[in-house]
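Some notes on the structure that comes next.
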Amino acid sequence: MAATVPPVPRPAQTGDFADARPAAPSGDWLHASPPSPVEAAKMRMRTRLSVLGAALVAAVGLAVSPANPAAAATSTPVIFVHGFIGNGSNWTTALSVFRAGGFTRLYTYDYNWSGSNTISAAGLRDRVNQVKAQTGASRVAIVNHSMGGLVTRYYLEELGGSSSVSHVASIAGANHGTTYAGACLIYASCIEMYPGSLFLLNLSAGDETPGSARYATWYSACDGIIIPYTSTRLDGATNTNVACETHIGFLTNTSVLTQIRQFIAS
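Add 87 to the 1-based position in the sequence shown for this note's numbering, that's all there is to it.
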């Protein structure tokens with residue numbers, strides 16, 4: 088004989104549920120009975136929790152979303168330093184390439200290319216300080232071409248500029264001079280740029296890549312102006328030998344300029 092299971096006593100209902108009564112059966116299977124007050128309360132609670140959970144997931148997702156590192160990198164101010172017989176307009180293509188990559192703080196530095204590189208370097212120091220004050224940045228990046236390499240080197244090595252610079256990119260820089268300067272020795276800048284000058288000897292005695300800045304150079308055997316073309320290389324820098332590019336051609340070589348942009352953004 089099967090055991091008789093005693094009925095489970097129904098718990099007393101209190102609060103909002105005390106007076107609730109189940110609906111009378113309709114006898115029609117098309118009309119389901121409404122849920123009990125307890126089940127209805129559970130359904131409402133599940134709905135509220137689902138909505139709250141979705142909101143929390145969205146909020147947490149926004150909170151932990153990492154900042155865009157590319158945006159931070161491209162906010163670095165970049166100062167372009169021209170070379171002998173040059174000016175800020177030499178950087179038209181470079182400025183376009185950098186803007187296309189998201190850089191907005193772009194500046195040129197114009198100086199008297201016939202004067203001493205020591206004076207030009209002091210002017211670069213002032214330009215860097217001006218840009219730092221204007222942007223609030225603690226460091227800037229420098230891109231130089233030709234004799235601009237010597238101006239940059241003197242600023243970094245002799246005027247304490249390394250603490251204010253994050254990246255240095257030297258394009259066909261006359262970093263150790265060029266015999267081509269023998270054609271313009273009427274100018275102080277060319278006297279200093281000629282191999283064996285006192286100016287170059289003093290620079291060579293120091294660290295070619297001082298401070299914590301990252302250094303990179305681009306040079307080519309087809310340069311034609313920087314002689315020897317390996318003069319551009321710096322000890323401690325990433326030195327890139329470009330297959331065949333002329334001294335002036337570097338200024339419009341979008342492939343090289345894009346590499347430089349990526350280097351500064353790294």
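Cβ coordinates follow ideal geometry from the N, Cα and C atoms, glycine included.
None of these values were measured; they are calculated from a predicted model.
Neighbour-count burial assignment, Leu285, 16 or more Cβ in a 10 Å radius: exposed
Sufficient close CB pairs (3 or more, under 8 angstroms) joining the stretch 242-255 to the stretch 215-226: yes
Cβ-Cβ separation, Ala352 to Gly188 (assumed contact under 8 angstroms), whole Å: 7 angstroms
Span of the beta strand (DSSP E), counted from its first residue to its last, around Arg240: Run containing Arg240: none in the beta strand (DSSP E); it sits in the alpha helix (DSSP H), Gly235 to Glu245.
Neighbourhood of Cys271 by C-beta, 7 angstroms cutoff - its chain only, sequence neighbours within 5 removed: Within the same chain, Cys271 has close Cβ partners Cys277.
The stretch 183-197 contacting the stretch 158-171, beta-carbon criterion three pairs below 8 angstroms: yes
Own chain partners of Phe333 with C-beta closer than 7 angstroms, once the 5 adjacent residues on each side are dropped: The sequence as given places Thr at residue 333; Phe does not occur at that position. Here the set comprises Cys309, Asp310 and Gly311.
Assigned exposure category for Gly293 - 16 Cβ within 10 Å defines buried: exposed
Ser257 to Asn199 span [Cα, whole Å]: 19 angstroms
Residue from Asn340, Asp322 and Pro282 with nearest C-alpha to Ser307: Ser307 has its Cα closest to that of Asn340, out of Asn340, Asp322 and Pro282.
Tyr274 - DSSP class collapsed to helix/strand/coil: coil
C-alpha gap between Trp178 and Phe185, whole angstroms: 10 angstroms
Straight-line Cα distance separating Thr180 from Asn231: 14 angstroms
Beta-bridge pairing of Ser257 - partner residues as DSSP gives them: Asn231 and Thr304
Rounded Cβ spacing between Gly264 and Met280 (contact assumed at less than 8 angstroms): 5 angstroms
Assigned exposure category for Leu288 - 16 Cβ within 10 Å defines buried: A residue is called buried when at least 16 other Cβ atoms come within 10 angstroms of its Cβ; Leu288 does not meet this threshold and is exposed.
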